Ligand SMILES: Cc1cc2nc3c(=O)[nH]c(=O)nc-3n(C[C@H](O)[C@H](O)[C@H](O)COP(=O)(O)O)c2cc1C
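Numbering (our numbering), first residue to last: 27 to 249.
Structure below.
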């Protein structure tokens with residue numbers, strides 16, 4: 027388990043090899059052992075592959091290219107421009123662009139990279155985690171975060187890779203229409219999943235973390 031936690035990383039390049047449905051089901055069965063408030067299990071999933079996923083990729087890219095405004099059901103990443111969070115975001119982009127040999131001025135390649143995210147990084151599977159609109163918007167987020175991380179860790183244990191991503195669900199209407207998801211479900215986050223292509227440059231990225239002491243108040247210890 028500790029090993030899977032240490033080895034998990036975002037994978038943004040996948041082999042085309044499909045992932046068997048039985049394995050995906052096993053991963054979800056393990057992952058949904060996650061705790062939740064009062065065992066409410068406030069999560070639902072759409073596991074999408076094949077031609078439907080290809081249609082979603084195409085529709086997402088078409089919307090992006092036409093400049094259609096994005097209206098996500100849930101905004102995961104939102105912070106002030108002047109903040110350490112923004113600095114880390116910029117650093118991440120720099121690291122990825124360096125590995126992908128995308129220069130700052132190369133608008134075409136930057137757009138192509140963005141489109142990759144909207145295509146779920148061409149992964150053979152996309153999992154969409156959703157919550158019923160009966161629930162408050164923020165209420166189920168902690169529970170869903172736990173189940174999503176469990177999915178990613180279980181995937182590692184089975185030799186799979188994942189990238190948690192919101193880009194793929196920035197146009198929820200696309201997923202709703204093509205995957206048949208009703209308005210009553212709030213799309214919270216997407217996960218691209220498949221067998222990692224370890225030769226893909228962006229997969230070489232090992233993202234840094236701030237030192238634990240920087241974010242932790244140790245209270246009541248002798249030293
Ligand atoms: C809520 C959330 C949303 C994310 N959205 C995206 C995304 O849209 N595109 C992307 O490439 N990565 C996305 N990521 C992956 C993060 O960039 C990644 O987890 C972070 O840089 C740490 O790197 P690591 O996963 O390799 O440890 C997302 C991760 C989370 C938790």
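Glycine residues also receive a C-beta, built at the ideal position from the N, C-alpha and C atoms.
Note that the structure is predicted; figures quoted are calculated from it, not measured.
- Residue 152 is bridged by DSSP to 74 and 218.
- Residues of the same chain with a CB within less than 8 Å of the CB of residue 168, apart from the 5 flanking positions on each side, are 63 in chain order.
- For residue 190, the distance from the CB to the nearest heavy atom of ligand 1 is below 7 Å.
- Pairing residue 30 with residue 182 gives a Cβ-Cβ distance under 8 Å.
- DSSP places residue 143 in the uninterrupted alpha helix (DSSP H) bounded by 133 to 144.
- A distance criterion of 7 Å places the beta-carbon of residue 103 in contact range of ligand 1, judged by its closest non-hydrogen atom.
- Per DSSP, residue 246 lies in no beta strand (DSSP E) segment and is marked neither H nor E.
- Non-local beta-carbon contacts of residue 44 in its own chain, meaning distances under 6 Å to residues more than five positions away in sequence, involve 150 in chain order.
- Ranked by how close their Cα comes to the Cα of residue 184, the residues 52, 39, 76 and 209 have 52 in first place.
- In the DSSP assignment, residue 191 is bridged to 216.
- When the Cα atoms are used, residue 111 and residue 90 turn out to be separated by approximately 25 Å.
- Annotation: residue 209 to residue 201 spans about 11 Å, alpha carbon to alpha carbon.
- Only residues of its own chain outside the window of five on either side were considered, and among them 176 and 180 have a CB closer than 8 Å to the CB of residue 56, listed in chain order.
- In the structure shown, the three-state DSSP call for residue 84 is helix.
- Scanning its chain for C-beta atoms nearer than 7 Å, with the 5 sequence neighbours on each side dropped, one finds around residue 174 the residues 155, 190, 215 and 217, in chain order.
- With distances taken between CA atoms, residue 223 lies nearest to 147 out of 194, 235 and 147.
- Nearest to residue 73 by C-alpha distance, out of 127, 48, 84 and 165, is 48.
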